[in-house]
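Numbering (our numbering), first residue to last: 13 to 322.
Here it is, written out as structure tokens:
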């Protein structure tokens, strides 16, 4: 069993582990909290785990991992000695992992095994097990998705992990947007969620009609209240902009409508855009922007749309 665990960690380090094998490693670290390990050990070793996770995500040299490898293998042997055999059993019985990917301009809607409803935004992907285990419901998100989480018992929280944030809930409706990589946002429509950075060193609690922006460069949370009408409604066919820059508007339109829109001009104006648009067609949105903000647009022969200000 020790050799099996050592092999799995080596695959994790080399980034050759499958989605289900990565989930097994995550399950191992979750097990640290329940099998006779002291609170201080849990705190110390989970911190090492998150540094490992960050190292792998940023493709740091493998030698950094080796510093922690001996500690993890020793800890694995220790856990085995106190009866954590279920961890290795988990390797054999781990359910199949499913990947859903929405192309730009596309929106996918589907249910998870617990009846949670997921709206996956264009240009995004999500990974989840065919069946959740009894301890937690864990999904991995790249991009943006809206969740209507089915409420279960408190011992089975729903977790969304992205590159920059972890979100933990029980039963709620919320949106996670980890698209840009610079400013990540979570907004809550119903219920309550806990949002933490990837290292879980900082967190914030959000309730209905609240939103948080996480600035990755500063590792800072900025939370604020919102009116219900201002919450994200892209999954209902609405684009909402609140003091958005032209660059931000272009980025959203390109991703949501799968069009190539560029700014044509020497300098991008500093004006900000606020509005609620139905994205039935790109022309309707651009006509509205022209009427409200004087933004012109022209379609080139290759299909590219160039916009400028009068």
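Virtual Cβ for every residue (Gly too), placed ideally from N, Cα, C.
Practice item. Consider the Cβ of residue 171: report whether some Cβ of chain E lies at a distance smaller than 8 Å. Key: Here there is only one protein chain, and chain E is not present.
Review point. In the DSSP assignment, what are the bridge partners of residue 227?
Key: 195 and 232
**Study point:** Sufficient close CB pairs (3 or more, under 8 Å) joining the segment 224-236 to the segment 253-269
**Key:** no
**Study point:** Beta-carbon contacts of residue 120 that lie in its chain and below 7 Å, excluding the five residues immediately before and after
**Key:** 112, 114 and 132
Review point. Which term fits residue 303, buried or exposed, when burial requires 16 or more other beta carbons within 10 angstroms of its beta carbon?
Key: exposed
**Study point:** Pair within 8 Å by beta-carbon distance, residue 181 and residue 169
**Key:** yes
Review point. For residue 158, which residues of its own chain have a beta-carbon under 6 Å away from its beta-carbon, when the five flanking residues on both sides are left out?
Key: 131, 187 and 247
Practice item. Please check the pair residue 267 and residue 135, which I expect to be a contact at CB under 8 Å, by giving their CB distance rounded to whole angstroms. Key: 5 Å
Point to revise | Simplified DSSP state of residue 190, which is helix, strand or coil | key: strand
Check your understanding: Using DSSP with H/G/I as helix, E/B as strand and the rest coil, what is residue 296?
Key -> helix
Practice item. Would you identify the three-state DSSP class for residue 175, choosing helix, strand or coil? Key: coil
Check your understanding: If you follow the beta strand (DSSP E) that residue 254 is part of, which residue opens it and which one closes it?
Key -> 250-257
Point to revise | residue 274 vs residue 313 beta-carbon contact at 8 Å | key: no
Exercise for review: List the whole-angstrom C-beta distance separating residue 244 from residue 300, where the pair is believed to meet the contact cut-off of C-beta under 8 Å.
Suggested key: Not really, about 19 Å apart at Cβ, beyond 8 Å.
Exercise for review: Measure the Cβ-Cβ separation of residue 369 and residue 207 and say whether it is below 8 Å.
Suggested key: Here the chain comprises residues numbered 13 to 322, so residue 369 is not present and cannot be evaluated.
**Study point:** Contact belief for residue 137 with residue 148 at Cβ below 8 Å, rounded distance in angstroms
**Key:** About 21 Å; that fails the 8 Å criterion.
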